[in-house]
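Inspection log for the structure reproduced underneath, given as structure tokens.
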Amino acid sequence: MSLKLAVIYYSATATVDSMARRVALAGEKQGAEVRLRHVEEIAPPAAIDSNREWSEHVAATADAPRATPDDVVWADAVLFGTPTRFGNVASQLKNYLDSLGPQWSQGQLADKVYAGFTASQTQHGGQETTLLALYNTMYHFGGILVPPGYTDPVKFADGNPYGVGHVTGPDNDAPLENTQLDALDHLVERVLEVTGKLRS
Ligand SMILES: Cc1cc2nc3c(=O)[nH]c(=O)nc-3n(C[C@H](O)[C@H](O)[C@H](O)COP(=O)(O)O)c2cc1C
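In this text, residue positions in the sequence shown follow my numbering: the first is 14, and each later residue adds one.
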């Protein structure tokens with residue numbers, strides 16, 4: 014039976030969306046059943062409308078399936094994606110995580126594999142603190158964190174043992190390079206490998 018991978022993420026200006034799509038593709042290529050789910054937008058319209066890239070992304074993803082609590086319950090492994098916000102998890106993803114109390118109280122979030130990916134504008138802009146903040150919640154789930162560490166040569170190139178990060182640069186538009194794409198593929202491969210061992 015194929016492993017179930019949920020890719021649950023928030024993206025305002027499409028960077029983390031690109032990362033999530035790559036993660037989902039890698040999961041499918043590796044034979045997993047994948048759910049790709051954007052969390053609900055909760056920012057006020059005035060904030061969204063003040064940023065052209067943000068409002069374009071909201072329009073582009075208007076019909077995309079939204080994450081529900083069942084997506085985590087369903088999955089064997091969950092990869093969460095979030096932009097770095099002041100070195101922390103975006104409130105939209107946190108809002109989703111904070112909706113999982115009923116599932117948590119029934120033990121439905123435990124014993125699954127979790128890991129994460131993020132994007133920031135600047136190189137030392139808080140990617141690692143964001144991932145560690147994200148992982149605080151996974152401890153409370155009773156989850157099994159599977160960080161990439163330095164388990165593949167690509168990790169010595171992308172340099173993030175906590176997950177995968179992308180730097181968007183001064184104009185917030187730097188595309189994903191091969192290093193980040195390979196690091197995302199490796200993260201998925203590792204997460205599915207460990208999940209498979211746990212399930213067998
Ligand atoms: C409110 C806010 C806070 C941010 N905080 C940081 C930060 O702490 N460090 C950083 O490098 N970039 C920061 N950024 C830039 C975002 O991380 C960057 O635009 C994001 O990764 C792009 O992801 P997205 O296109 O998927 O929304 C911030 C952006 C916003 C709007």
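Each residue gets a CB set at the ideal place from its N, CA and C atoms; glycine is no exception.
Note that the structure is a prediction, hence the values are computed from the model and not measured.
Same chain, Cβ closer than 8 Å to residue i, neighbours up to 5 away in sequence not counted
i	result
P82	S112, L113, P115 and Q116
V52	I21, Y22, Y23, R79, A80, Q105, L106, N108 and Y109
V86	Q116, Q121 and L122
E46	S15, L16, K17 and L18
Minimum C-alpha distance to residue i - residue among the options
i	options	result
A77	G94, D30, V36 and G44	D30
L205	V167, D124, A90 and G172	A90
T26	F169, L92, E69 and E190	E69
R212	V71, A88 and F93	A88
M32	K210, R203 and N191	N191
G40	A19, A59 and F169	A19
G172	F154, E54 and L197	L197
Cβ neighbour criterion (16 or more within 10 Å) applied to residue i
i	result
G182	exposed
H137	exposed
Y163	exposed
P188	exposed
Q193	buried
D124	exposed
E66	exposed
F93	buried
P161	buried
H199	buried
K42	exposed
F169	exposed
A37	buried
DSSP-derived helix/strand/coil call for residue i
i	result
Y129	Rather than Tyr, the amino acid found at residue 129 in this sequence is Gly. It is a strand residue.
A19	strand
S31	helix
T135	coil
A25	coil
Residues near residue i in its chain [Cβ-Cβ closer than 6 Å; skip 5 each side]
i	result
Q134	T181 and N185
G2	Since the displayed the chain opens at 14 and closes at 213, residue 2 lies outside it and no answer follows.
R217	Summary: the structure shown does not reach residue 217, with the chain confined to residues 14 through 213, and so no result is reported for it.
T28	A132 and T181
Proximal residues to residue i (C-beta, below 7 Å), its chain only, five neighbours per side dropped
i	result
A103	Y23, T95 and P96
M151	Y127 and L158
T208	L16, D89, A90 and V126
Problem set entry | In chain order, each beta strand (DSSP E) run of at least 3 residues that lies wholly inside the region 150-198 | Whole beta strand (DSSP E) segments, 3+ residues: 177-180.
For this session: Just list the alpha helix (DSSP H) runs in the region 35-123, keeping only unbroken ones of 4 residues or longer that don't cross its boundaries, in chain order.
Result: The DSSP assignment places complete alpha helix (DSSP H) segments of no fewer than 4 residues inside the region 35-123 at 58-62, 65-73, 82-87, 104-110 and 114-118, in order along the chain.
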